[in-house]
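This report refers to the structure that appears directly beneath it.
Numbering (the working numbering), first residue to last: 665 to 854.
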């Protein structure tokens, strides 16, 4: 915002309002370029869209302030802050909703490996941990793993999965009694 304000203010002072408008156009395209650099795609998830939009809003606030449109800059600041704080719970709620599985391209599975004799206790802890973290399971499958262990796979209901949050969940599962190993894996379906 500060950089945009400085450039627009300099153009406004040197060339008048017409110069400020030209520099505002360059600010818009420059911040759009920066925003594109912030957006990342990882394992079927797109990240950084909110950050890119906030950068653009911040640049708009700076451009308005630099163009001596102080009231508009204050209003734009209010709207950018409101969008980032008030809409976050709505976004979280939408991201938690299951997607239509007929059109799902990526599914996420969580696996634990446990001794065969502890299978029931481990399964109970596994399901409770997933539910406590807010993940719904679409399917649970138990397979033989070696001679004295089983692998329990929970296929999560399709939703947006945050990699860092999932890694934290896996660390918690690894510390559970009866769990020898825990990991997660995204997979694509045809």
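Note that beta-carbon positions come from the ideal geometry of N, C-alpha and C, so glycine has one too.
1) Would you kindly work out how many angstroms separate the C-alpha atoms of residue 681 and residue 719, rounded to a whole number?
2) Using the DSSP secondary-structure output, state which residues sit across from residue 821 in a beta bridge.
3) To test your reading of the DSSP string, which unbroken alpha helix (DSSP H) runs of 4 or more residues are found completely within the stretch 688-742?
4) Put residue 800 into one of helix, strand or coil per three-state DSSP.
5) Check residue 843 in the structure and name its three-state DSSP category.
6) Per DSSP, which residues does residue 749 bridge with? Please list them.
7) State buried or exposed for residue 701, treating a residue as buried only when at least 16 other CB atoms are found within 10 Å of its CB.
8) Would residue 806 and residue 814 be called neighbours here (beta carbons separated by less than 9 angstroms)?
9) Let me know if residue 689 comes out buried or exposed under the rule of 16 or more other beta-carbons within 10 Å of its beta-carbon.
10) Can you check which of these residues, 696, 726, 728, 727, is closest to residue 714 by C-alpha distance?
11) So residue 747 and residue 737 are in contact, right, with Cβ under 8 angstroms, and what is the actual spacing, rounded?
12) Note down, in chain order, each residue of its chain lying with its Cβ closer than 7 angstroms to the Cβ of residue 619, except the 5 sequence neighbours on either side.
13) Is DSSP giving residue 851 helix, strand or coil here?
14) At the level of alpha carbons, what is the spacing between residue 854 and residue 784?
In terms of the structure at hand:
1) 24 angstroms
2) BP columns for residue 821 are empty, so no partner.
3) 713-730
4) coil
5) coil
6) For residue 749, which the question treats as bridged, DSSP gives no partner whatsoever.
7) exposed
8) yes
9) exposed
10) 696
11) Actually they are not in contact, since the Cβ atoms of residue 747 and residue 737 sit about 16 angstroms apart, beyond 8 angstroms.
12) With the chain running from 665 to 854 in the structure shown, residue 619 is simply not present.
13) strand
14) With a pLDDT of only 48 at residue 854, under 50, the local geometry of the prediction cannot be trusted, and the value read off the model is given with reservation. When rounded, the distance between both Cα atoms is 33 angstroms.
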